[in-house]
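Number of protein chains: 2
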Amino acid sequence: MSDTGKSKSDTILLAALKLFAENGFHCSPISQLADLAKVGVGSIYRYFKDKDELIHAVSEMVEKSLQEALADSFDPSLPSQQRFIQLITRLINYLSRHPQEFKFLEQYYSSPYGADKKHAKFLSEGATNQSNLIVDFFFSNQEGIMKELPLQLYVAMTFGPISFLLRDSFSGFVILDEKLIQQTAEACWDAIKA
Amino acid sequence: MSDTGKSKSDTILLAALKLFAENGFHCSPISQLADLAKVGVGSIYRYFKDKDELIHAVSEMVEKSLQEALADSFDPSLPSQQRFIQLITRLINYLSRHPQEFKFLEQYYSSPYGADKKHAKFLSEGATNQSNLIVDFFFSNQEGIMKELPLQLYVAMTFGPISFLLRDSFSGFVILDEKLIQQTAEACWDAIKA
DNA sequence: TCATACTGACTGAATGTTCACTCCGGGGAG
DNA sequence: CTCCCCGGAGTGAACATTCAGTCAGTATGA
Numbered sequence: 468m469s470d471t472g473k474s475k476s477d478t479i480l481l482a483a484l485k486l487f488a489e490n491g492f493h494c495s496p497i498s499q500l501a502d503l504a505k506v507g508v509g510s511i512y513r514y515f516k517d518k519d520e521l522i523h524a525v526s527e528m529v530e531k532s533l534q535e536a537l538a539d540s541f542d543p544s545l546p547s548q549q550r551f552i553q554l555i556t557r558l559i560n561y562l563s564r565h566p567q568e569f570k571f572l573e574q575y576y577s578s579p580y581g582a583d584k585k586h587a588k589f590l591s592e593g594a595t596n597q598s599n600l601i602v603d604f605f606f607s608n609q610e611g612i613m614k615e616l617p618l619q620l621y622v623a624m625t626f627g628p629i630s631f632l633l634r635d636s637f638s639g640f641v642i643l644d645e646k647l648i649q650q651t652a653e654a655c656w657d658a659i660k661a
Numbered sequence: 468m469s470d471t472g473k474s475k476s477d478t479i480l481l482a483a484l485k486l487f488a489e490n491g492f493h494c495s496p497i498s499q500l501a502d503l504a505k506v507g508v509g510s511i512y513r514y515f516k517d518k519d520e521l522i523h524a525v526s527e528m529v530e531k532s533l534q535e536a537l538a539d540s541f542d543p544s545l546p547s548q549q550r551f552i553q554l555i556t557r558l559i560n561y562l563s564r565h566p567q568e569f570k571f572l573e574q575y576y577s578s579p580y581g582a583d584k585k586h587a588k589f590l591s592e593g594a595t596n597q598s599n600l601i602v603d604f605f606f607s608n609q610e611g612i613m614k615e616l617p618l619q620l621y622v623a624m625t626f627g628p629i630s631f632l633l634r635d636s637f638s639g640f641v642i643l644d645e646k647l648i649q650q651t652a653e654a655c656w657d658a659i660k661a
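Protein sequences appear in the order of chains Y and W. Going by my numbering, the residue at position 157 of the first sequence is 624; the numbering climbs one at a time, nothing skipped. Going by my numbering, the residue at position 55 of the second sequence is 522; the numbering climbs one at a time, nothing skipped.
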């Protein structure tokens, strides 16, 4: 096999990410995935109980690398506004450079798969969130520098526009250049700052 | 038939809206739709060429009533900020009271169906948009009261948060009361005002 | 060193199910 | 009778999942 060091299950996960992002979950037959990953159909079922489990496994992989990208050289000592704008900018940059990841996550979170996961997450977390820098940021409003809003509204005011903008960018309705990214991050900040 | 005055095709459209909103397009078999609408499978194909055409027809119906709700007692003589906040408030109110319509539209616009439509719409329109009060609003920035941003970013900064917030509200993560709606509308305005 | 036995990852044809869509027969109105 | 609307069993295609069998690799024995 010419596959350099990648385990078979990683090969399947990467092919699945690509296929799901391009065709959507329900237009991605396992047979086609097997072709793309260059494995037998049966092998997929050796590593993943069923298609659902595979979808969840892809989401874990994608979320992990997204969190890593955000955490990379993140500076917690910066003042709030800069920290926020840096996070948002980094998020937009990462997602616009990883269209497959973005398309997958969009689909995942607006499907029963992601909705269930979100539910579970919110039930399990108290004040401290594990490994989500942006949500952490909203919790730390000690300086009173942001409006007093429910957490959900902070989240909506940032992830909402970003998700719309990226969708438009991938459909070719906007060019996401440095300037537009900066404008977006600033508009998000204006929306939530005190 | 006990159906009071509703044409058969309207009966089908309403049942389709309900089913699509609850189960998603691809988990809504035509046979189930026929049961729900109390109609034979064949009759559905009498009025709609195929499932795709039916989905588009539902979207036209939903968009029409949404535009009507927005236009209702809209006052173009109000100053920009109030006009904007009124529009946003009205939109959130309408959608939160019409969960099926919201769920349908969300799904529609993040599927190939809606993406195609959006493309067609943008290609066909120049400066004046037909029948969308909110997009019209963004075009009329003559007073210089808003930041100078690309149209797409205005759209993203308003529809994005609204769509996130409504999704959370229907999943039970937030209670969408008057206050929250007001806060949202104001945050959207802060994001785009000069 | 070679021959034989064993193991389990791997494959893809076969299976049973689900679905979109067709088509023909029934029945009501004129 | 004719015309038209309607219903729902029927059809073929597509799909997720299974399983009987293959085979490369490794252990065992002489």
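Cβ atoms here follow ideal geometry from the backbone N, Cα and C, with glycine treated the same way.
Is there at least one Cβ from chain W nearer than 8 angstroms to Gly-627 (chain Y)'s Cβ?
yes
Name, going along the chain, the residues of the stretch 613-641 of chain W whose beta-carbon falls closer than 8 angstroms to a beta-carbon of chain Y.
Lys-614, Leu-616, Pro-617, Gln-619, Leu-620, Val-622, Ala-623, Met-624, Phe-626, Gly-627, Pro-628, Ile-629, Ser-630, Phe-631, Leu-632, Arg-634, Asp-635, Ser-638, Phe-640 and Val-641
According to DSSP, simplified to helix, strand and coil, what is Lys-646 (chain W)?
helix
How would you call Ser-474 (chain Y), buried or exposed, if buried means at least 16 neighbouring beta carbons within 10 angstroms?
exposed
Against Asp-657 (chain Y), what residues of chain W qualify as contacts under a CB-to-CB distance less than 7 angstroms, listed in chain order?
Asp-657 and Ala-658
Are Gln-553 (chain Y) and Trp-656 (chain Y) close, meaning C-beta to C-beta below 8 angstroms?
No; because the gap between Cβ atoms is not below 8 angstroms, this pair is not in contact.
Using C-beta distances below 8 angstroms, list every residue in its chain close to Thr-556 (chain Y), excluding the 5 sequence neighbours before and after it, in chain order.
Ile-648, Gln-649 and Ala-652
Under 8 angstroms between the Cβ atoms of Phe-605 (chain Y) and Phe-626 (chain W)?
no
When you measure from the CB of Phe-515 (chain W) to every non-hydrogen atom of the ligand ATP, does any distance come out below 7 angstroms?
In the structure on display, the ligand ATP does not appear, and there are no ligands present to speak of.
Rounded C-alpha distance that separates Pro-566 (chain Y) from Glu-573 (chain Y):
Their Cα atoms are separated by approximately 10 angstroms.
Taking 8 angstroms as the cut-off, decide whether the C-beta atoms of Leu-633 (chain Y) and Ser-563 (chain Y) are in contact.
yes
Ranges of the alpha helix (DSSP H) found wholly within the stretch 490-520 of chain Y, counting only runs of at least 4:
497-504 and 508-514
Sorted by chain position, which residues of the same chain lie with C-beta nearer than 7 angstroms to Val-508 (chain W)'s C-beta, five sequence neighbours on each side aside?
Ile-497, Ser-498 and Ala-501
Is there a C-beta anywhere in chain W that falls below 8 angstroms from the one on His-523 (chain Y)?
no
Closer than 9 angstroms, Cβ to any Cβ of chain Y: which residues of the stretch 540-561 of chain W, in chain order?
none
Return the first residue and the last residue of the alpha helix (DSSP H) that Gly-627 (chain Y) is part of.
From DSSP, the alpha helix (DSSP H) with Gly-627 (chain Y) extends over 618-638.
Alpha-carbon spacing of Lys-570 (chain Y) relative to Lys-646 (chain Y), whole angstroms
23 angstroms
Contacts around Glu-527 (chain Y), its chain only, beta-carbon distance under 6 angstroms, and the 5 residues preceding and following it disregarded
Spatial neighbours of Glu-527 (chain Y) in its own chain (CB-CB distance under 6 angstroms, excluding positions within 5 residues in sequence) are not present.
Ser-495 (chain W) and Phe-487 (chain W) closer than 8 angstroms at C-beta:
yes
Per DSSP, cross-strand counterpart(s) of Lys-660 (chain Y)
Y:Met-613
Using 8 angstroms as the limit for Cβ to Cβ distance, is Gln-650 (chain Y) near chain W?
yes
Measuring only the C-alpha atoms, how far is Leu-663 (chain Y) from His-586 (chain Y)?
Given that chain Y is displayed from residue 468 to residue 661, the structure contains no residue 663 (chain Y) and the question cannot be resolved.
What residues from the stretch 562-578 of chain Y come within 7 angstroms of chain W, judged by C-beta to C-beta, listed N to C?
Glu-573 and Ser-577
Chain W contacts made by the stretch 481-498 of chain Y, where a contact means CB separation under 7 angstroms
Result list: His-493.
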